[in-house]
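Participant: One structure is given below, represented as structure tokens, and several questions about it will come after.
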Amino acid sequence: MSLSLPDPRTNPYRPDLAAAHLEGLVQAERFIEGVPCQLRTGFATVKAQPDFEARQTTQALFGETVTVYEEHDGWVWGQIETDGYVGYLRLDTLWGETPVPTHRVSAIRTFLFPEPDLKSPTLDVLSLTSRVAVTGETNGFAELEQGGWVFMKHLAGLDEVAPDYVATARKLTGAPYLWGGKTSMGLDCSGLVQVALDAAGLTVPRDSDQQAQAIGEAVADVSALRRGDIVFFPGHVGIMTGPDLLLHANAFHMMVTEEPLAEVVARGAQITGVRRIA
1 MSLSLPDPRT NPYRPDLAAA HLEGLVQAER FIEGVPCQLR TGFATVKAQP DFEARQTTQA
61 LFGETVTVYE EHDGWVWGQI ETDGYVGYLR LDTLWGETPV PTHRVSAIRT FLFPEPDLKS
121 PTLDVLSLTS RVAVTGETNG FAELEQGGWV FMKHLAGLDE VAPDYVATAR KLTGAPYLWG
181 GKTSMGLDCS GLVQVALDAA GLTVPRDSDQ QAQAIGEAVA DVSALRRGDI VFFPGHVGIM
241 TGPDLLLHAN AFHMMVTEEP LAEVVARGAQ ITGVRRIA
């Protein structure tokens, strides 16, 4: 048994239950293989406890695969395949089919329609980077294997990335701050970084402390920042849009804002690290 336990945020284990691949690494009463499911709603709240009043830890987006290890009272306990995050979701946000995605949403948000008609009542809202499986196209709308239709120009092939993650993050300026959020309807600091980098084809962890260890390379000289640098503070992260400006989802403005880094530091935020993507 390892003396250093795996991070429970990204490793599915509890005293009573754990994923089969963790046997020998953690202690649990039972080890089981999970069942892959897929998110069928625009997004789903993920919580640390199966309780409506529990704090949201992250969100899963339409088309993401979730490996389910337990179902009880309308809740499931599982792991999101994209970033490995573990938590509780409502059962009714998932379905048992797992169509292979062909495209991702490239607009900050788009509607899911019941038919290829812009006047038809909408079914849901899909967010930036959500994965969809396209089976055909009619009248400029993509038909999804998951059901429904999406405006084709709001999609990009999985191999079509948006490398300028600063520009992508800027599109979310003004989006309200939401703890654990990952959509234009509300997102937090690390959610903004994760979504922007995901659109650029870079998969990074969910939380800022994890990102501080995983993104790019460390920058030793924090006095020579440049566009695209990822700046970390205690419990916070943002993206430099130039040598002096920081774009971040923050609780001071309660939204995504771009402001002088000096003003952020003047409010008491101490820079703990900078990472640069080559």
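No gaps in the numbering here: position 89 of the sequence shown is 89 in UniProt numbering, and each next residue is one more.
Heads up, the beta-carbon is just placed ideally off N, CA and C, and yes, glycines get one too.
Computed from a predicted model, the values in this text were never measured in an experiment.
1. Assess contact between the segment 206-213 and the segment 140-160, defined as three or more Cβ pairs (one per stretch) separated by less than 8 angstroms. Is contact present?
2. Check V105 in the structure and name its three-state DSSP category.
3. Taking M185 as the reference, give the member of H248, A269, V125 with the closest Cα.
4. Nearest-angstrom Cα distance between Y19 and A48?
5. Tell me the DSSP secondary structure of T122 in three-state form.
6. Does the beta-carbon of R55 have 16 or more other beta-carbons within 10 angstroms, so that it is buried, or is it exposed?
7. Return the residue from the list A133, F52, G87, Y85 that minimises the CA-CA distance to F62.
8. Is the separation between the beta-carbon of R206 and that of T98 shorter than 7 angstroms?
9. Counting only the same chain and skipping the five closest in sequence on each side, list residues whose C-beta sits under 7 angstroms from that of E71.
10. Tell whether a beta-carbon distance below 7 angstroms holds between G34 and T10.
11. Please report the Cβ distance between A249 and L158, rounded to the nearest whole angstrom; I am assuming they are in contact, meaning their Cβ atoms lie under 8 angstroms.
12. Helix, strand or coil, according to DSSP, for Y85 in the structure here?
Facilitator: Well, looking at it:
1. no
2. strand
3. V125
4. It should be pointed out that residue 19 corresponds to Ala in this sequence rather than to Tyr. Cα to Cα, the separation comes out at about 17 angstroms.
5. coil
6. exposed
7. A133
8. no
9. L91
10. no
11. Contact doesn't hold; Cβ gap of about 26 angstroms is too wide.
12. coil
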